[in-house]
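Below is one structure, written out as structure tokens; the observations come after it.
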Amino acid sequence: MGHSERRDILKESDEIVNKKLKKALNFNVNPIVCIGEHLNERETNKTKEFIEKQFRLSFKDLSDDELRKTVIAYEPIWAIGTGRTATPEQAEEIHIFIRELIANVYNSRTAKAVRIQYGGSIKPSNAKFIFKKENIDGGLVGGASLQAESLGAIIEAANDSHF
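Quick note on the UniProt record's numbering: the sequence shown kicks off at 1 and runs consecutively.
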């Protein structure tokens with residue numbers, strides 16, 4: 001839910017994501033919710049402000065248990081299909097921020113329990129570096145999943161990681 005293409009092309013708002021999320025949880029579906037900033041937010045140092053707003057609206061009125069059943073995917077929109085990729089350090093910085101945000105809004109136990117994956121153009125060439133970061137709990141693989149060889153290399157990188 002909340003994938004960048006749905007947000008941008010279909011104008012799916014954080015409020016709509018919140019409604020879909022609650023509906024999925026009501027049907028015992030463990031959802032993946034994407035959050036992430038555009039290049040403009042990144043270049044004007046407003047990434048964290050943007051992510052916090054998205055988080056608070058997308059996860060509004062969720063219980064601790066409901067949030068623990070949800071996977072959050074940090075998807076920097078500026079790194080999707082543009083040839084630009086977040087460095088592992090940039091990705092981890094936002095993952096840490098999201099985890100701190102969860103701890104502040106919920107509690108530290110919930111923050112530790114929620115899986116936060118990276119979804120910004122994971123490829124065989126960068127997967128092992130991204131997955132070695134302690135605060136990245138996996139990957140939301142897009143285009144690279146279309147080729148079996150690429151996906152296999154990403155899976156190998158995940159197997160060699162900390163999660």
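Note that beta-carbon positions come from the ideal geometry of N, C-alpha and C, so glycine has one too.
When DSSP labels each residue in this structure, what does residue 17 get in the three-state scheme? helix
With three or more beta-carbon pairs closer than 8 Å as the criterion, would you say the region 122-133 touches the region 146-157? yes
Pick helix, strand or coil for residue 138, following the three-state DSSP scheme. Coil at residue 138, not helix or strand.
Is the region 87-100 touching the region 51-62, taking contact as three or more C-beta pairs under 8 Å? Yes: the two stretches touch, three or more of their Cβ pairs being nearer than 8 Å.
Buried or exposed: where does residue 139 fall if 16 or more other Cβ atoms within 10 Å of its Cβ makes it buried? Within 10 angstroms of the beta-carbon of residue 139 lie 16 or more other beta-carbons, which makes it buried.
Let me make sure I understand the geometry here. Which of 79, 58, 104, 26 has the alpha-carbon closest to that of residue 1? 58
Identify the residues that DSSP records as bridge partners of residue 71: which are they? 32
With DSSP as the reference, please indicate the residues paired to residue 117 in a beta bridge. Beta-bridge pairing links residue 117 to 73.
Of the residues 75, 28, 109, 132, the one placed nearest residue 141, counting alpha carbons only: 75
Pairing CB atoms from the region 9-28 with CB atoms from the region 36-47, are three or more of them under 8 Å? no
Hey, quick one: how far does the alpha helix (DSSP H) through residue 160 stretch, first residue to last? Per DSSP, residue 160 belongs to no alpha helix (DSSP H) and is neither H nor E.
Taking the C-alpha atoms as reference points, what is the distance between residue 70 and residue 143? 23 Å
Please return the same chain residues whose Cβ sits closer than 6 Å to the Cβ of residue 60, not counting the five positions on each side in sequence. 18
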